[in-house]
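Under my numbering, the first residue of the sequence shown is numbered 308, with each subsequent residue one higher.
Below is one structure, written out as C-alpha cells, with a few remarks after it.
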Amino acid sequence: DPSLPRFRLADVRKHGAASAQPWVTYEDKVYDITEWVGAHPGGDVILRAAGGSIEPYWNIFSIHKAPHVREILDQYLIGYIDAADLLRREHEAIEDPFVADPERDARLVTHTSRPRNAEPPTDELTRAFHTPSSLFYVRNHMWVPVVGEGAEGDEHAVTVELPDGETRRYTLGELKARFPTHRITAALQCSGNRRSDMTRQATKTNGLQWGVGAISNAEWEGVRLADVLADAGLRVADAQAATAVAKPPPPPDDDDDDDAPPPPASSLHVQFSGLEAYGASIPLETALDPRGDVLLAFGMNGAPLPRDHGFPLRAIVPGHVAARSVKWLSKIAVADEESSSQWQRRDYKGFGPNEGASPDWDRAKAIQEMPVTSAITGVWVGRGADKAEPPATPPPPPAEASSPTGTNGRADAEPVTLEGYAYAGGGRAIARVDVSLDGGKSWDQAALVDDCAGGKCPGNRAWAWTRWRYSGQLPPAEAITTNTETDTNAGGKKACTTLVVKATDDAYNAQPETHASVYNVRGNLATAWHRVRLCRLS
Ligand code: MTE
Ligand code: MO
Numbered sequence: 308d309p310s311l312p313r314f315r316l317a318d319v320r321k322h323g324a325a326s327a328q329p330w331v332t333y334e335d336k337v338y339d340i341t342e343w344v345g346a347h348p349g350g351d352v353i354l355r356a357a358g359g360s361i362e363p364y365w366n367i368f369s370i371h372k373a374p375h376v377r378e379i380l381d382q383y384l385i386g387y388i389d390a391a392d393l394l395r396r397e398h399e400a401i402e403d404p405f406v407a408d409p410e411r412d413a414r415l416v417t418h419t420s421r422p423r424n425a426e427p428p429t430d431e432l433t434r435a436f437h438t439p440s441s442l443f444y445v446r447n448h449m450w451v452p453v454v455g456e457g458a459e460g461d462e463h464a465v466t467v468e469l470p471d472g473e474t475r476r477y478t479l480g481e482l483k484a485r486f487p488t489h490r491i492t493a494a495l496q497c498s499g500n501r502r503s504d505m506t507r508q509a510t511k512t513n514g515l516q517w518g519v520g521a522i523s524n525a526e527w528e529g530v531r532l533a534d535v536l537a538d539a540g541l542r543v544a545d546a547q548a549a550t551a552v553a554k555p556p557p558p559p560d561d562d563d564d565d566d567a568p569p570p571p572a573s574s575l576h577v578q579f580s581g582l583e584a585y586g587a588s589i590p591l592e593t594a595l596d597p598r599g600d601v602l603l604a605f606g607m608n609g610a611p612l613p614r615d616h617g618f619p620l621r622a623i624v625p626g627h628v629a630a631r632s633v634k635w636l637s638k639i640a641v642a643d644e645e646s647s648s649q650w651q652r653r654d655y656k657g658f659g660p661n662e663g664a665s666p667d668w669d670r671a672k673a674i675q676e677m678p679v680t681s682a683i684t685g686v687w688v689g690r691g692a693d694k695a696e697p698p699a700t701p702p703p704p705p706a707e708a709s710s711p712t713g714t715n716g717r718a719d720a721e722p723v724t725l726e727g728y729a730y731a732g733g734g735r736a737i738a739r740v741d742v743s744l745d746g747g748k749s750w751d752q753a754a755l756v757d758d759c760a761g762g763k764c765p766g767n768r769a770w771a772w773t774r775w776r777y778s779g780q781l782p783p784a785e786a787i788t789t790n791t792e793t794d795t796n797a798g799g800k801k802a803c804t805t806l807v808v809k810a811t812d813d814a815y816n817a818q819p820e821t822h823a824s825v826y827n828v829r830g831n832l833a834t835a836w837h838r839v840r841l842c843r844l845s
C-alpha cells in the first residue's frame, strides 16, 4: 500500500520495549505490534525485537518463517522504512541474545552453540551414576535468561494461576521456607536422544542429530508441585477429578445429578512457562500423583541449579520426556487445555512410519511418559578388557558405528567388555538388559550396576537410569565371515561384527528391533536396539 507513511529508523527506535506502542520492522515494512504482544504464543519475548528488526530473531526461531506468521504480522502494518535508511539498515546489528550465556565445559559435544545444544562425550556418559552437572546434556531453545546470581535467585518469583483465574505469587525464598524439601534421583532424556541412529538406519529426520547422550542423570532437590498447588488454593474437586481416573460414573438416578459433573481427569493441565518464552504442560493428574514426585526444583547434585539447567527454578517431571521439565520457571497455570506453545502442540510428538513428511500434529498425542531405551557407551577389546575397571584411556566413542575399535591382536575369541545405560519412563524399573555380540543371532545378559542399593536413590519410583556392564568373548573370525570386509587403508582384512543392546522394563516393554519400524520425520523416540559396529584386523 503505497499510501502508507515512510518512517526513519530513528522513529522506529523510539518504539522500543518500554514504549506503549512497540514497533518492529521486517524487510522494508514497519509494524505496530502493540496488539500482538498479548496474543503472541511466545509471550512478551517478542518485545526483544521492539524498536528494530524482527528478522534476526526469526532467523534464530525459524518456526516464524511460515506464511501464517507473516499473515499475522501483516495485520499490523503501519508503513515502510524511509528509503534514506533502507541501505543503512542492512548493517544494523541486533544485540546478541546469547551474549550472556554461561561458559560451558569444553568436553561437551556441541550440536549448536546459539542456542546451546550439547551432549556429554560418549565415553564419559556413564562413568558416574550422577552425571556431573558440568557434563549434563544441555537442550536450550533460546538464550539462557539472566536472573540475579546466588542468593538473589531466592527473589525470583513464580506465579501460580488456578482454573478460576485466581493467582498466587511465590518467591523461591518462600517456596524453600514454606514447603518440605524433597530429593529424587532422576534421569532427564530428550525425545530426540539417539535421533542420529534413526537417521542413519532409517532415513532423514528433522532435528538436532543427537548421539546417545541426550540423556543424563542427577539428584534434584525441590518442593512438590502438588504441595504448592494445594497451598495456592487448587480446589479439592479439581484434584479429585484429576486423580479419580478409574472411578466409575455415578448411577444415573444419583441424588445430586443436577450438580455439574467434575471435569474428566484428562481435561485439566498444568502449563509451565519459562522466562525466555519456552512453555509446555503435563496433565494435572500427573502433577497430583502422590507417587509422581513432580518437583519445582532449585537444586541439582547438591548445589543450586546451574544456569544452563534452569537457575534458579525449574520443573522436574521424572519419567517424562524432558521437554516438560521447564527451566527458568516463571509461571504455572492450571487450565482446561494443554499449553498453547509450539513445543506442546507442534513438537515432541510421535507418528507412524506411514505418516511421512507432513504428519497430523493435532491428532497425535504429546509425548509424556518415555518408552524404554538403552545404549552402549563404552567398548573395550583385547586382553584386560574383562578387568573390573575400564582402562584409563577408553576407545573412541562407539556412536560412530564404523569406527574401528581395538584393532590390535587376532580376531578370534577376544575378550570384550561393554558398558552403557538403560532407562524406562513412567518410573518403571529396568528388568533386564540383553546383549548380543553377533548382530542379534545369540544373546546374553548384562549385569545391572546396583547404583540404587541401600536407598541411595531417593524417589517413589525408579526415575534414575540403570547402568549396565557386560564382559564376553567376541565371536571367532570364522563365525563372522559374512561380515568380513576388505580394509583398503590397512591393506588387510577386517573382521567386523555388530554389538547390540536392548533393554526390557518391569512391565515387559521392550525396544523395537529397527528404527524403520518406528520411523517418524521428527526422529522422536529413536529407541530401536542400539547397534555398534566393531571391526578388528584379522
Ligand atoms: N525449558 C526452557 N525454559 N527452555 C528450553 O529450551 N528445553 C526443554 C526442557 N526445558 C527447554 C526447557 C527440553 S526439549 C529438554 S530436553 C530439557 O529442558 C533439557 O534440560 P537440560 O538442558 O537441563 O538437560
Ligand atoms: Mo528435548
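Idealized CB from N, CA, C, for every residue including glycine.
Computed from a prediction, not measured in an experiment: that's the story for all the values here.
Distance cut-off 7 angstroms: G626 Cβ against heavy atoms of ligand 2: Residue 626 sits at position 319 when you count from the first residue of the sequence shown. Remark: the shortest separation between the CB of G626 and any heavy atom of ligand 2 does not fall under 7 angstroms.
Any non-hydrogen atom of ligand 2 closer than 7 angstroms to G540 Cβ: Walking along the sequence shown from the start, residue 540 turns up at place 233. No, the Cβ of G540 stays beyond 7 angstroms of every heavy atom of ligand 2.
Contact check, S681 vs A521, beta carbons under 8 angstroms: Locating residue 681 in the sequence shown gives position 374, where the first residue counts as 1. Locating residue 521 in the sequence shown gives position 214, where the first residue counts as 1. No Cβ-Cβ contact shorter than 8 angstroms links S681 with A521.
Reduced DSSP secondary structure (H/G/I, E/B, other) of L415: Here the question's residue 415 lines up with position 108 in the sequence shown. It is coil, neither helix nor strand.
Which residues DSSP lists as bridging T466, in chain order: Numbered from its first residue, the sequence shown carries residue 466 at position 159. Per DSSP, the beta bridge partners of T466 are R476, K638.
Cβ-based burial, T488 [other Cβ within 10 Å; buried from 16]: Within the sequence shown, the letter at position 181 stands for residue 488. Counting Cβ neighbours within 10 Å, T488 comes out exposed, since fewer than 16 surround it.
Simplified DSSP state of V807, which is helix, strand or coil: Taking the first residue of the sequence shown as position 1, residue 807 is located at position 500. Looking at V807 - three-state DSSP - the assignment turns out to be strand.
P404 versus R776 - alpha carbon distance: As a position in the sequence shown, residue 404 is number 97, starting the count at 1. As a position in the sequence shown, residue 776 is number 469, starting the count at 1. A straight line joining the alpha-carbon of P404 with that of R776 spans about 43 angstroms.
Enclosing beta strand (DSSP E) for N424 [first to last residue]: Counting from 1 along the sequence shown, the entry for residue 424 is found at position 117. N424 -> beta strand (DSSP E) spans 423-426.
heavy atom of ligand 1 below 7 angstroms from G606 C-beta: Within the sequence shown, numbered from 1, the residue matching residue 606 stands at position 299. In this structure, G606 has its CB at a distance of at least 7 angstroms from all heavy atoms of ligand 1.
CB contact flag (R274, G606, <8 angstroms): Because the chain in this structure spans residues 308 to 845, residue 274 falls outside the shown range and cannot be described.
A391 beta carbon near ligand 1 (any heavy atom closer than 7 angstroms): Locating residue 391 in the sequence shown gives position 84, counting from the first residue. No.
T724, enclosing beta strand (DSSP E) - first and last residue: Here residue 724 corresponds to residue number 417 of the sequence shown, with the count starting at 1. From DSSP, the beta strand (DSSP E) with T724 extends over 722-730.
Straight-line Cα distance separating V828 from D745: Walking along the sequence shown from the start, residue 745 turns up at place 438. Walking along the sequence shown from the start, residue 828 turns up at place 521. Taking the straight line from one Cα to the other gives about 30 angstroms.
For E662: DSSP bridge partner residues: To locate residue 662, count along the sequence shown from 1; it is residue 355. As DSSP reads the structure, E662 sits in no beta bridge.
Any non-hydrogen atom of ligand 2 within 7 angstroms of R652 CB: Counted from its first residue, the sequence shown places residue 652 at position 345. No, the Cβ of R652 stays beyond 7 angstroms of every heavy atom of ligand 2.
H822, buried or exposed, once every other Cβ within 10 Å from all chains shown has been counted against 16: Looking up residue 822 in the sequence shown gives position 515. With 16 or more other Cβ atoms inside 10 Å of its own Cβ, H822 counts as buried.
Near ligand 2: S778 beta-carbon under 7 angstroms from a heavy atom: Working through the sequence shown from its first residue, we reach residue 778 at position 471. Checking every heavy atom of ligand 2 against the Cβ of S778, none is found closer than 7 angstroms.
Ligand 2 heavy atom lying under 7 angstroms from the CB of S648: Indexing the sequence shown from 1 puts residue 648 at position 341. At a threshold of 7 angstroms, S648 does not count as near ligand 2, since its beta carbon sits no closer than that to any of the ligand's heavy atoms.
Three-state secondary structure (DSSP) of E431: Mapped onto the sequence shown, residue 431 falls at position 124. Three-state result, E431: helix.
Ranges of the alpha helix (DSSP H) found wholly within the segment 323-391, counting only runs of at least 4: 341-346, 362-367, 374-381, all fully within the segment 323-391.
Endpoints, the beta strand (DSSP E) within which D403 is located: Taking the sequence shown and counting its residues from 1, the one referred to as residue 403 is at position 96. Bounds of any beta strand (DSSP E) do not take in D403, whose DSSP letter is neither H nor E.
Buried/exposed call for K763, threshold 16 Cβ in 10 Å: Counting from 1 along the sequence shown, the entry for residue 763 is found at position 456. K763 is exposed by the Cβ-count criterion.
Cα-Cα separation, A324 to R501: Walking along the sequence shown from the start, residue 324 turns up at place 17. Walking along the sequence shown from the start, residue 501 turns up at place 194. Those two C-alpha atoms are separated by around 40 angstroms.
M677 - DSSP class collapsed to helix/strand/coil: Position 370 of the sequence shown, counting from 1, holds the residue named residue 677. It is coil, neither helix nor strand.
Residue range of the unbroken alpha helix (DSSP H) whose run includes S503: Walking along the sequence shown from the start, residue 503 turns up at place 196. Note, S503: alpha helix (DSSP H), 502-508.
Residues of its chain near V337, where Cβ-Cβ distance is below 7 angstroms and the 5 sequence neighbours each way are ignored: Walking along the sequence shown from the start, residue 337 turns up at place 30. If we look at V337 and ignore the five residues flanking it on each side, its Cβ neighbours are F314, V319, W330, I385, G386, Y387, I388.
Rounded separation between T788 and R411 - CA only: For the purposes of this step, residue 788 is identified with residue 481 of the sequence shown, where counting begins at 1. For the purposes of this step, residue 411 is identified with residue 104 of the sequence shown, where counting begins at 1. At T788 the pLDDT is 42, less than 50, meaning the model places this residue with poor confidence and gives no usable figure here.
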